[in-house]
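Have a look at the structure below before the remarks.
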Amino acid sequence: MIQVENLKKIYDGNTVLDIQGLEIPIGESFGLVGNNGAGKTTFFSLLLDLIEPTQGFIKTNNVIVNKNEDWKTFTTAFLDDSFLIGYLTCEEYFYFLGELRSQTKQQVDAFLLTYADFFNNEILGKNKFIRDLSKGNQKKVGIIGTLIGNPKVVILDEPFANLDPTTQIRLKKILRNIADTKQTTLLVSSHDLNHTFEISDRIVCFERGRIIKDIDTKQYSFEELTSFFDVVV
Amino acid sequence: MTFKQLANLEWKGMKRKGGMAQSIIMAIGKGYFGLCYLIIMTAMSAGLFKLAEEEGMDPFQGFFKYAVYLWLGDLVIRYFFQKMPTTLVKPLLIQNVRKKTIVNYCLTKSSLSFFNFVNLFMGVALLLVLALDYKVGFVTSFMFALSFTIFLWANNFLVQLLNHVNKFALPFLIVFAGVLALDFFKYVEVTAYTKYFFEALYNYPFLIVVVTAYLIAMLVACYRFYFKNLSLDSAVIVKKETYKYYDLNFLNRFGTLAPFLKLDLKLLTRNKRTRMVLMMSGLFLLYGLIFFTMDMYKSNTFFTILAAIMITGGFMMLFGQYVPSWDSSYYPLMMTQNIPYRTYLESKWLVMVLGTLVSIILASFYLFFGLQTYLIIVAVGFYNIGWNCYLSLITGAFVRSKIDLSSNKNAFGDTKAFNVQTLLLSIPTIAIPMLLYFVLTKLLPFNTAMIVFVAIGLVGILLKKPMFNLIENLYKSQKYKTIKAYK
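Which chain is which? The protein sequence lines are A and B, in order. So for the first sequence, the working numbering puts the first residue at 240; every next one is plus one. So for the second sequence, the working numbering puts the first residue at -7; every next one is plus one.
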């Protein structure tokens, strides 16, 4: 699904990302861990064509993302609050995304119903603008927004940060369910191995822009993994 | 923390803002406009005496009568253009800086504003005219000029209060327009009353004490206002707006563009900054009233065409030059959704076209000024749709200023809905159709010229495809820069 070829991003002579090659198959749940400044967000931004690669390219579904816009038809993402529209109510935001992904209002409503638990009665039917919600609730809206319309690739940057523990557990369940369908390629980054371990089939660790570990989670216990990543995480 | 450190921070903020090359061009433009303004205001202060003489009035009485317009003009120009002393206040609040220092710094910064120097020039001009032309004693001239300058200086603080107390903005504009109109049509002679004030300043030089007291009162009010609003909750928390649902499904006929049209309508109606644009567009619609009612402009086609551009293009210019900056706070979202760049741009274009069409329809009340006037408005409107909407999109690609849609909510925020840069960018928007109009009306009879004018506009609409190829490529080449600028 996603192929990375010899990808480099250099800012003023500093190489912030340098990936020789990486391949993520369809339906894989891909966890990305690493410290601050390891290049996780840079990688996601390149994947979404928000920044320009200095060298190399990323192909998703045989589309080179910085050459052709077609990847937009099957990719969704939530990186930060610049993926929210503050002056819309939550419903309006979901309908807007739905319209862009050719979902009817009814389909979106039915979809949202399945996440009533996750929203914990704080999001829907409140007639509040997104800008007036708390940071955590904004994040919930953004994350669920990415799931509308069965995208093939979902990219979430630090989805667990800023969420309360209950919501973190619920989110893990949601993401695990998606991963288990093997239909959606799920890319999730986190500082915390705990979260990624539960939802990911594979964990890759970045350090200063390079891949230093690439591990299949099924083969190891959490303890083993922790010792693996002990060096950096 | 000292003043020096605060100034240092500010300097760094300015230096590192990005977009240096473009800001140099802008700086030149600003300098030019600033100089023009300085010269105009100075010349008017000195020229009021002569103007009154020409109208057969006593020059002194004339000056006292019209001086209030100098004051109001200064206030209005300040209201729209004077930058509020936006220091980096928010992060400083929890640092070891006394509130007093922050407020004092803001006020000191604002008193170094360009507009205060303009006032000084006006005062000096007044002094020179009185002392040299009219041979008034130096002490009297000096005292009057000083009082007058101090009175204008008080605007520096008055305008800050006006700018922050948002609900005053609209009534203030209306009152100003109303007073002007009433006086102009000689229903009430407001200036007949205000003149006593200025006359008194002249006749009783000791009244400078009163003017100074007024300046100090304004300063203190400003100080208190800032001091009180320096906490996060009073400055930042706004009354939550209740959400109003309106059915926009009739827009679905625009197909793929419909979601964006609906979004843009919500953008326009739900944010303070954009509501200001709507309000200003409304005022632009009335622009023609100034020109079509005054005898000196009535027969002058130069002003008719200028008015027509403003009337039909107000919204287009105010909105268009900030495309795509209006979406700056969620630009990455727009760039990753299932929409081609072109569709996104086309929807922005459509908003401008619809806005211009609405302006043309609303402007139909200009039929009172004759069919010919309205025909010019319609013709220019078509030109605006045909060409200037593209031009707005093109200039918009280079503006790239991050817009905080709810900026009005912060007492220390910049509440400007338009600025000098916008004016500078609108020069080609205005100059080209004017030139075209002159050439056409010189060569052809009026009606034919108008038809050709409309036809040129229609050609523009027909050229949508190649124009959009150009615009799309332009925006695509700027894409990464734009995303970075909005960070």
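Ideal Cβ placement from N, Cα and C applies to all residues, glycine included.
For B:I463, no Cβ of chain A is located within less than 8 Å of the residue's own Cβ. The DSSP-derived three-state label of A:Y250 is strand.
Taking the CA atoms as reference points, B:A299 sits about 34 Å from B:P251. Think of a sphere of 8 Å around the beta carbon of B:P332: the chain A residues whose beta carbon falls inside it are E308, K311, in chain order. Contact of A:G325 with chain B by beta-carbon distance below 8 Å involves S321, Y322, L397, S398. For A:I451, no Cβ of chain B is located within less than 8 Å of the residue's own Cβ.
The continuous stretches of alpha helix (DSSP H) do not include B:L278, and DSSP gives it neither H nor E. Counting only residues of its own chain and dropping the five nearest sequence neighbours on each side, B:P77 has a CB closer than 6 Å to the CB of C98, K101, S102.
For the options A:V380, A:N416, A:R449, A:H434, the alpha carbon positioned closest to that of A:G270 is the one of A:H434.
For B:Q74 and B:Q152, the gap between their C-alpha atoms comes out near 9 Å. For A:T423 against A:G266, the beta-carbon gap comes to about 7 Å, under 8 Å, which counts as contact.
The beta carbon of A:D431 sits closer than 7 Å to those of F399, all from its chain and outside the five residues before and after it, given in chain order.
The beta carbon of A:V347 lies closer than 7 Å to those of F333, Y334, G337, I387 in the same chain, with the five residues before and after it left out.
Scanning the region 265 to 305 of chain A for uninterrupted beta strand (DSSP E) segments of 3 residues or longer gives 268 to 272, 294 to 299, listed from N- to C-terminal end. Nearest neighbour of A:S268 by Cα position, chosen from A:T299, A:Y250, A:R441, A:L395, turns out to be A:R441. At the C-beta level, B:S317 and B:S393 come within 8 Å of one another.
DSSP, read as helix, strand or coil, puts A:A316 in strand.
The alpha carbon of B:I142 has as its nearest neighbour, out of B:F107, B:T433, B:L172, B:V128, the alpha carbon of B:F107.
Burial check for B:Q313: the Cβ neighbour count within 10 Å reaches 16 or more, so the residue is buried. For the region 339 to 366 of chain A, the set of positions with a beta-carbon nearer than 7 Å to some beta-carbon of chain B reads L339, R340, N366 in chain order. Under the three-state reduction of DSSP, B:V315 is assigned to coil, being neither helix nor strand. The DSSP-derived three-state label of A:E330 is helix. Contact annotation: in the region 136 to 160 of chain B, no residue has its CB less than 7 Å from a CB in chain A.
In its chain, beyond the 5 residues on either side, F317, Y332, F333, L336 have a beta carbon closer than 7 Å to the beta carbon of A:G384. Annotated three-state conformation of B:V212 is helix, per DSSP. Under the 8 Å criterion on CB atoms, B:Q470 is classed as non-interfacial with respect to chain A.
A contact is defined here as three or more CB-CB pairs under 8 Å, and the region 339 to 355 of chain B fails this definition with respect to the region 415 to 424 of chain B. Membership of A:R441 in the beta strand (DSSP E) is indicated by the continuous run 441 to 446. Against A:T314, the close residues of chain B are T328, in the order they occur along the chain (beta-carbon pairs closer than 8 Å). Cβ-Cβ distances below 6 Å link B:L397 to N263, R265 in the same chain, with the five nearest sequence neighbours on each side left out; the list follows chain order. Residues of the region 440 to 466 of chain A with a C-beta atom less than 7 Å from some C-beta of chain B do not occur.
Contact with chain A is found for B:K258, since one of that chain's Cβ atoms lies less than 8 Å from the residue's Cβ. The beta carbons of B:V372 and B:P332 sit about 32 Å from each other, so the pair does not count as a contact at 8 Å. Just measuring C-alpha positions, the residue of B:L462, B:L416, B:G347, B:A447 sitting nearest B:Y375 is B:A447.
With contacts defined as CB atoms closer than 8 Å, B:K57 and B:K187 qualify as a contacting pair. The DSSP-derived three-state label of A:F368 is strand.
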